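Just so you know, the sequences run in chain order R and S. My numbering puts the first residue of the first sequence at 31, with every later residue one more than the last. My numbering puts the first residue of the second sequence at 2, with every later residue one more than the last. Built from N, CA and C at the ideal position, the CB exists for glycine as well. If you're wondering where the values come from, they're calculated on a predicted model, not measured in any experiment. Structure first, commentary second.
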Amino acid sequence: MALTGKQKKQSWNALQIVLILIAAFIMLVPIVWIAMAAFKTHVDVYQLKLFFAPTLENFKTVFQAPYHLEQKLFNSTIVAFVTVVLAIPIATCAAYSFSRFTLRGQTVLLVMILATQFVPAVVIVLPFFVMFRDIGLLDTRLGLILVNLSIVMPFAIWMIKGFIDGIPMDTEEAALVDGSTRMQVIRNIVLPMAAPGIVTAAIFCFIIGWNEFLFALILTSKDAVTLPIGLALFKAEEGDLWNLLAAAGIIIMVPMFVLALIIQKHFVQGMTMGAVR
Amino acid sequence: MRDRHLKYLLVLPAVIVVFATAIWPLVESLRLSFYEGRLSRPAFPQSFLGVENYTWAFLEEPAFWNSVWVTATYTFWTVLLTTLLALGLALLLAPGGRLRVTVQSLLIIPFAMSPALIGVSFRFMFNPEFGLFDAFFGIVFPPLATISWLSDPTLAFWVCIMADVWGWIPFLTLVLIGGLASIPRDTIEAAQVDGASGWRVLKDVTLPQLVPVLAVVLILKAIFSLKTFDQVYMLTNGGPGTATQTLSHYVYFNGLKYSQIGYSAAVAWLMVIPMIFLTYAYAKFVFQKK
């Protein structure tokens, strides 16, 4: 039986819908599966149950001895937050200058800043490990914040520059002609207009700092351990404690999902540093 | 203050931070790579070795070559699979409409997931006793049910690739949807009016115009694949044996477990070299667009 053109088109559309649904399913399964495990009892985790009596017990256990996940939660929050608070104002100033002025060696500087983003983290961390060992910054939040700046700064500069590039210059020029100083222009005109972009960059950097793994793995051991490294707590002698791992996983990922949804409109632009618009 | 001074003052703090946190360690790593640097000894670093750390990696360490091979094949497959699948998904989702936009907004979720957690999640799903995947394959194809995925070198490698591809498809899809949206509609419509089939439009009109975006996607993914550490550490920890030991993992083990900082720095610097080429290519695309 030959299909008419219209039938062909219809079945092609139906096939597309099916493919999209399969893709969405594959995207969600690992997340849903680990989310379910977080609400299962120790016994239920070891069975492939779709229906089970949910419990909040795991979320209680992870905050008790010997795990004390609240310490890691605190460390992660402080490290990510302070990194952002340091990086964003510095990056905003630089981004404004790169966007509005022509600097000597500007292209070289911008490419260099971009390039540091691509340096393997292991290269960055080795000298810091040696230095922190000598000056006593190993296993401190301060040390981790300093090293995190290396990945956050380039992102923030490029991202905010992209947003400022998109703001027309007329208002600024008019204010300058009217006798405002450059700093007044930045404070009163540029900052309010670039605010959504700056907030996006800040949230983005917070997510990067929160999820950062290698630096924290190497530079912390006890006091300054962050959440992703804290996952290792739940490897017991008798095997992984999956229900607790999953609960910790939920605590790590849910706040980031919320933040990511807030900035999703600008997400792509930020990650590719304006290479794709 | 005059602008011509102010403009340099504004970038100064950022330049200082970038130099102190990224350029300095890069240079210092290079310096350390020429030394014997054992953390266990009091004076650090110890004797100057010249290029001996490098020749040691090249000539005396099969484990180094193993991780070069692992990283190269890992990068090849993850770049290829992620790009192709993301392109397919982007083409499916690009037309818009309620279902497609909803799925698009879901895509942001896996990308916000920490790579370490992706590793944990996949290890959980591939657990031989109660993993979801095992159960799934057991139903679809019973002989597979008894396979212990993560204890087999080849399968463990492919599980790592699966986890990586899963984690990166959403982001690359979003980038490619952005790229597709920036292609002028009239070129596609003109081809359709001329009676070109959907496939011809895709092959001759859409894809050629998507090439710059595809190139950016490929380079970006290659850079991040070469650096892979987090998922692999959590998923297989380089194992079984060294079957999934990427270069980053190899550096981590030699540097921190065996505290051979000088040797690790040398291998880490060998990783920087392909990065320089990729970054150069990436920067060319970024600045070309301006």
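Of all the CB atoms in chain S, is at least one closer than 8 Å to the CB of residue i?
i: R/Gly279; result: yes
i: R/Thr137; result: yes
i: R/Arg307; result: Low local confidence applies: a pLDDT of 45 at R/Arg307 is under 50, so the model's placement there is unreliable, and no value is given.
i: R/Pro16; result: It is not possible to answer for residue 16 of chain R, since the shown part of chain R is limited to 31 through 307.
i: R/Tyr97; result: no
i: R/Phe158; result: yes
i: R/Gln46; result: yes
i: R/Pro60; result: yes
i: R/Met189; result: no
In whole angstroms, what separates the C-alpha of residue i from that of residue j?
i: R/Val48; j: S/Thr76; result: 30 Å
i: R/Phe185; j: S/Ile170; result: 21 Å
i: R/Leu249; j: R/Leu86; result: 33 Å
i: R/Arg307; j: S/Ala216; result: Caution applies to R/Arg307, whose pLDDT of 45 falls short of 50 and renders its modelled position unreliable; the model cannot decide the point.
i: R/Ile194; j: R/Leu179; result: 21 Å
i: S/Pro129; j: S/Met114; result: 24 Å
i: S/Phe112; j: S/Phe172; result: 6 Å
i: S/Phe138; j: S/Ala146; result: 6 Å
i: R/Phe81; j: R/Ile181; result: 42 Å
i: S/Thr72; j: S/Trp78; result: 10 Å
i: S/Ala223; j: R/Thr34; result: 44 Å
i: S/Val1; j: R/Glu242; result: Outside the shown range of chain S (2 to 291) lies residue 1 of chain S, about which nothing can therefore be said.
i: R/Ile175; j: S/Gln193; result: 54 Å
i: R/Pro198; j: R/Ala204; result: 12 Å
i: S/Leu33; j: R/Leu140; result: 27 Å
i: R/Gly279; j: R/Leu263; result: 12 Å
i: S/Ala284; j: S/Val18; result: 21 Å
i: R/Ser210; j: R/Phe93; result: 54 Å
i: R/Ala266; j: R/Val75; result: 15 Å
i: R/Val207; j: R/Thr201; result: 10 Å
i: S/Ser226; j: S/Leu248; result: 11 Å
i: R/Leu275; j: R/Arg130; result: 48 Å
i: S/Thr245; j: R/Leu168; result: 29 Å
i: S/Asp326; j: S/Ser198; result: Because chain S spans 2 through 291 in this model, residue 326 of chain S falls outside it and cannot be assessed.
i: R/Tyr97; j: S/Pro43; result: 34 Å
i: S/Asp4; j: R/Cys123; result: 13 Å
Would you please verify whether the beta carbon of residue i is less than 8 Å from any beta carbon of chain R?
i: S/Ala267; result: no
i: S/Tyr55; result: no
i: S/Phe131; result: yes
i: S/Ala282; result: no
i: S/Ser152; result: no
i: S/Val18; result: yes
i: S/Tyr75; result: no
i: S/Leu293; result: This structure leaves residue 293 of chain S out entirely; chain S is present only between 2 and 291.
i: S/Leu219; result: no
i: S/Phe49; result: no
i: S/Val121; result: yes
i: S/Asp4; result: yes
i: S/Ser149; result: no
i: S/Asp231; result: yes
i: S/Lys8; result: yes
i: S/Arg42; result: no
i: S/Trp159; result: no
i: S/Phe45; result: yes
Write down the C-beta distance between residue i and residue j rounded to the nearest angstrom, noting that I regard them as a contact closer than 8 Å.
i: S/Val273; j: S/His250; result: Not quite, the Cβ-Cβ distance comes to about 16 Å (not below 8 Å), so this is no contact.
i: S/Leu156; j: S/Ile148; result: 7 Å
i: S/Met126; j: S/Gly132; result: 5 Å
i: S/Ser48; j: S/Glu37; result: 5 Å
i: R/Ile50; j: S/Leu203; result: Incorrect: roughly 17 Å between the Cβ atoms, too far for contact.
i: R/Ser127; j: S/Val12; result: 5 Å
i: R/Val152; j: S/Ala269; result: 5 Å
i: R/Leu244; j: R/Val160; result: With 8 Å as the limit, R/Leu244 and R/Val160 do not qualify as a contact, their Cβ atoms being about 16 Å apart.
i: S/Ile110; j: R/Ile61; result: 7 Å
May I ask which residues mark the beginning and end of the alpha helix (DSSP H) holding residue i?
i: S/Thr76; result: 63-94
i: R/Lys102; result: 99-130
i: S/Leu173; result: 154-182
i: R/Thr91; result: 87-91
i: S/Arg42; result: Unbroken run through S/Arg42: none, as it is neither H nor E.
i: R/Lys39; result: 35-68
Closer than 8 Å, CB to CB, is residue i near chain A or not?
i: R/Thr34; result: Chain labels in this structure do not include chain A; the protein chains are R and S.
Is residue i near the ligand PLP, judged by its Cβ being under 7 Å from some heavy atom?
i: R/Phe148; result: Ligands are entirely absent from the displayed structure, and the ligand PLP is therefore not among its contents.
>> Counting only Cβ-Cβ distances shorter than 7 Å, please list the residues of the stretch 209-222 of chain R near chain S, keeping chain order.
In response: Arg212
> In chain order, what residues of the stretch 172-206 of chain S put their CB closer than 7 Å to some CB of chain R?
Replying inline: Phe172, Leu175, Val176, Gly179, Gly180, Ser183
>> Please list, in chain order, the residues of the stretch 22-33 of chain S that have any C-beta partner in chain R closer than 8 Å.
In response: Thr22, Ala23, Ile24, Trp25, Pro26, Leu27, Glu29, Ser30, Leu33
>> What are the residues in the stretch 250-265 of chain S lying within 7 Å of chain R by C-beta distance?
In response: Val252, Tyr253, Gly256, Leu257, Ile262, Ser265
> When you check each C-beta in the stretch 71-101 of chain R against every C-beta of chain S, which residues fall closer than 9 Å?
Replying inline: Val75, Tyr76, Gln77, Leu78
> Which of the residues in the stretch 115-126 of chain R, read from start to end, lie with their CB under 7 Å from any CB of chain S?
Replying inline: Ile120, Ala121, Cys123, Ala124, Tyr126
> Taking a cut of 9 Å between CB atoms, which residues from the stretch 79-99 of chain S lie near chain R?
Replying inline: Leu86, Gly89, Leu90, Leu93, Leu94, Pro96
> Going along the stretch 101-125 of chain S in order, which residues come within less than 8 Å of chain R, judged by CB to CB distance?
Replying inline: Arg101, Val104, Ser106, Leu107, Leu108, Ile109, Ile110, Pro111, Phe112, Ala113, Met114, Ser115, Pro116, Ala117, Leu118, Ile119, Val121, Ser122, Phe123, Arg124, Phe125
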